[in-house]
Amino acid sequence: MGLTDDAREWWQETLLGQQMSAHPAFGSDINVHVDGDVVTLTGAVQTVDEIEEVEREVKSLGLFRMVVNHLSAVHGDEKYRMQTVLALFPGESAAEIARQATNSWTFHEDDPAEVYCRREEAEPRLTRLADAAHVPMSALDEYFEALDEDQALLIARVPEDDCLRVISALEGTSAGKIRTLPPEADGGNRVSDG
Amino acid sequence: MAERIREIPAQPEPTPEPSGWRRLVRLAGPGLITGGADNDPAGIATYSTVGASTGLGQLWLIVFAIPLLIAVQGMAARLGNVTKLGLAELIRSEFGRTVAFVAALLVVTANICTIGADLVAMAAVLQLLTKIRLIFFIIPLVVFMGYITIFQNFKVIEKFMLWLVAVFFTYIVAGFLAHPHWGTVLLSTVVPPISPNVTYFSGAVGLLGTTITPYLFFWQTSGEREERRGVRQLGESYVDLTSGMVFSNVTAYFIVICTASTFFLHHRTVQTAADAASALQPFAGRWATLLFSIGILGAGLLAIPVLAVSTGYIVAGTLGWKMGLGRQAYTAPGFYSVIALSMLAGVELAIVGFDPIKALFYSQILDGLIAPFLIALMCIMVSRRALLGDYVATKWERIGGWVAFAVMSLADVALIYSLVPHG
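Same order as they appear, the protein sequences are chains A and B. Residue numbers for the first sequence follow this note's numbering, so the first one is 9 and each next one is one higher. Residue numbers for the second sequence follow this note's numbering, so the first one is 14 and each next one is one higher.
1) What did DSSP end up calling B/Asp51 once you bin it into helix, strand or coil?
2) Apply the 10 Å Cβ neighbour rule to B/Gln24 and answer buried if 16 or more other Cβ atoms are within range, or exposed otherwise.
3) Of all the beta strand (DSSP E) runs that stay within the bounds of the stretch 127 to 171 of chain A, which reach a length of 3 or more residues?
4) Which residues, in order along the stretch 166 to 184 of chain A, keep a beta-carbon less than 7 Å from a beta-carbon of chain B?
5) Rounded to a whole number of angstroms, what is the C-alpha to C-alpha distance between B/Leu354 and B/Met336?
6) From B/Phe6 to B/Trp300, what does the alpha carbon distance come to, in whole angstroms?
7) Taking all protein chains shown into account, do 16 or more other C-beta atoms lie within 10 angstroms of the C-beta of B/Pro193, making it buried, or fewer, making it exposed?
8) When we look at the beta-carbon of A/His31 and count the other beta-carbons within 10 Å, is it buried (16 or more) or exposed?
9) So what does A/Phe97 bridge to, in DSSP terms?
10) Under a CB-based cut-off of 7 Å, is A/Ala130 close to chain B?
11) So B/Asn124 and B/Leu387 are in contact, right, with Cβ under 8 Å, and what is the actual spacing, rounded?
12) Can you name, in chain order, every residue of its own chain whose Cβ lies under 7 Å from the Cβ of B/Thr202, other than the five neighbours on each side?
13) Using a Cβ-Cβ distance cut-off of 7 Å, determine whether B/Thr324 contacts chain A.
14) To the nearest angstrom, how far is it from the Cα of A/Asp14 to the Cα of A/Arg73?
15) Mind listing the chain A neighbours of B/Ser106? Cutoff is C-beta to C-beta under 9 Å, in chain order.
16) Looking only at its chain, what residues have a beta carbon closer than 6 Å to the beta carbon of B/Phe260, apart from the 5 residues adjacent to it on each side?
17) Output needed in chain order: residues of the stretch 75 to 101 of chain B with a Cβ under 7 Å from some Cβ in chain A.
18) Does the beta carbon of A/Tyr88 come closer than 7 Å to any beta carbon on chain B?
19) Are the C-beta atoms of A/Ala147 and some chain B residue less than 7 Å apart?
20) For B/Gly239, which residues in chain A fall below 8 Å Cβ to Cβ?
21) Would you please verify whether the beta carbon of B/Asp403 is less than 7 Å from any beta carbon of chain A?
22) Can you name, in chain order, every residue of its own chain whose Cβ lies under 6 Å from the Cβ of B/Leu428, other than the five neighbours on each side?
23) At 8 Å on the CB atoms, spell out the chain A contacts of B/Met336, in chain order.
24) Counting pairs of Cβ atoms below 8 Å between the stretch 356 to 367 of chain B and the stretch 380 to 396 of chain B, do you hit three or more?
25) Is there a Cβ of chain B sitting closer than 7 Å to that of A/Ala141, yes or no?
26) If the cut is a Cβ gap below 9 Å, which residues of chain A does B/Val244 touch?
27) Hey, how far is the Cα of B/Val420 from the Cα of B/Leu379?
28) Would you kindly work out how many angstroms separate the C-alpha atoms of A/Ser36 and A/Asp170, rounded to a whole number?
29) Name the two residues that bound the continuous beta strand (DSSP E) containing A/Ala52.
30) Which class does B/Pro22 belong to by DSSP, given the choice of helix, strand or coil?
31) Would B/Ile225 and B/Ala417 be called neighbours here (beta carbons separated by less than 7 Å)?
32) Tell me whether the stretch 395 to 408 of chain B and the stretch 92 to 101 of chain B touch, counting them as touching only if at least three CB pairs, one residue from each stretch, are closer than 8 Å.
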């Protein structure tokens, strides 16, 4: 699948700094910055597939050693659903260190991991997450019991493809138990936790 | 808004989206690798031994095992895909440390035995080719495999190994050239001619153990999560693993036909690697040994790292260590140490000097004895809505899992019963 003439013309004008119009297929919110043989893409397109298509286009020009793709998708990543990782810690300080590590490993600043030490604080969020994941409330009992025993609970809600990254960040910490809730049902795609 | 940050070297030409069979090849993931690893040297030896000792009598079991294998590996894939956790972690989390330790101990023992037996088989074919004693090949083989597993990207290398295992497709041609009586083949495929004796039941347990084999459950679960497939790609996982399992069992089916035609009918047994290789003679003539050796080496190069990595997943998952082939060795020292130690333990067993064909066969019987326990644990987990939510296993998958449990348990009980002297 090669570049269309319109797209090639758009890229040529853009790279020469003469671009005033929208990309013929992917709209006007694509910004391109060139630094030597590295090209950086920023802005937004409609879907995740379009992010990859824009990246393919720029690679097909054959002008750059590296493509740094910071494009985002307006309609979210429909390929992956949101999923929650839960980890129990013996105390708040250990959980806080893990939270910082987890947040540094993920790219989702709109929904960062959080630590809960009291049942009444955690219950509304856990209940909402269990509901979104379609699991029975009994699945949460062990977390409530742990919170009653002064353990700390870390909750990280991330897209599925980032779950392994979060779990990897938690492995080797003092987490006594690392679990996940199943991916959320339709409607749970990269939306902020409501 | 979602943001993805990736840094990918630019390519001069765009890569078009593959279609048709090329798309299927691209889907090759843990399932196809699992199928390839399923036909490891131990598997080849077991199928050869079964064909030579019981003729076509267990062909039906190979065919019968295909849906069961797909169901069991499907459960393993589902668990990894939905929970993003490894099987050992899940067992620890769902059933407690004691059950997890017992499961880990059993599978690690079987894995090390299989590594040892596979190593001996690889060294035996090198001896066959070079006339140099097999003992001199064991350490270099392990050093090479340890290096590619721990210090290189095994996820990439494994896809090349798979091509070497494709050599075993020649068994299919050899099966036709051996001119078996196809009426008998067909009858043995659809009607179980069960002979109630130790040879038959040990063959059945070994055959089921090498087909529905425990370490591959762990490999599939961990492989699935490391592929980073989401639940919407569960269908892709099934295409991947079904192709792997069919590839594995079709090859097994023809190995049995070959050895039944060349050994069982002439009252010969498979005692050495050279014997096993001679089953390919109807197809390859004087090249049979070379072809068989390439296949065994490819199968071993694929299977031993898979066995060692699975052992790493099991131990690290049970003990809560950092793990994953995506990590560098220094970031998961425990996981990679287990991989290295399991290979070294395999070396220990290999240099003890046991009969390679018997060792391979008995290691698979051990797998056959352990598998029902793990299948039962997986069947329970895939039915738990608290664990999998809407992604609990389908009715047919659960039925397939429990039938696999029942069939393997029955074969185990029958073997144990047939071993007990009856006055």
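We treat Cβ as the ideally placed atom computed from N, Cα and C, and that holds for glycine.
According to the structure data:
1) helix
2) With a pLDDT of 37 at B/Gln24, under the threshold of 50, the modelled position of that residue is not reliable, and no figure is offered here.
3) 160 to 167
4) Glu168, Asp169, Cys171, Leu172, Ile175, Ser176, Glu179 and Gly180
5) 15 Å
6) Beyond the ends of chain B as shown, which are 14 and 436, falls residue 6 of chain B; an answer cannot be given.
7) buried
8) buried
9) A/Ala160
10) no
11) No, B/Asn124 and B/Leu387 are not in contact; Cβ-Cβ is about 12 Å, not under 8 Å.
12) Leu72, Trp73 and Val76
13) no
14) 24 Å
15) Lys185, Ile186 and Arg187
16) Gly48
17) Val95, Thr96, Lys97 and Leu98
18) yes
19) yes
20) The sequence as given places Glu at residue 239 of chain B; Gly does not occur at that position. Leu172, listed in chain order.
21) yes
22) Phe214, Ser215 and Val218
23) Glu179
24) no
25) yes
26) Tyr88, Arg89, Gln91, Glu168, Pro190 and Pro191
27) 16 Å
28) 29 Å
29) Val46 to Val53
30) In this predicted model, B/Pro22 has a pLDDT of only 38, less than 50, meaning its place in the structure is not dependable; the value taken from the coordinates is given anyway. Strand, per DSSP.
31) yes
32) yes
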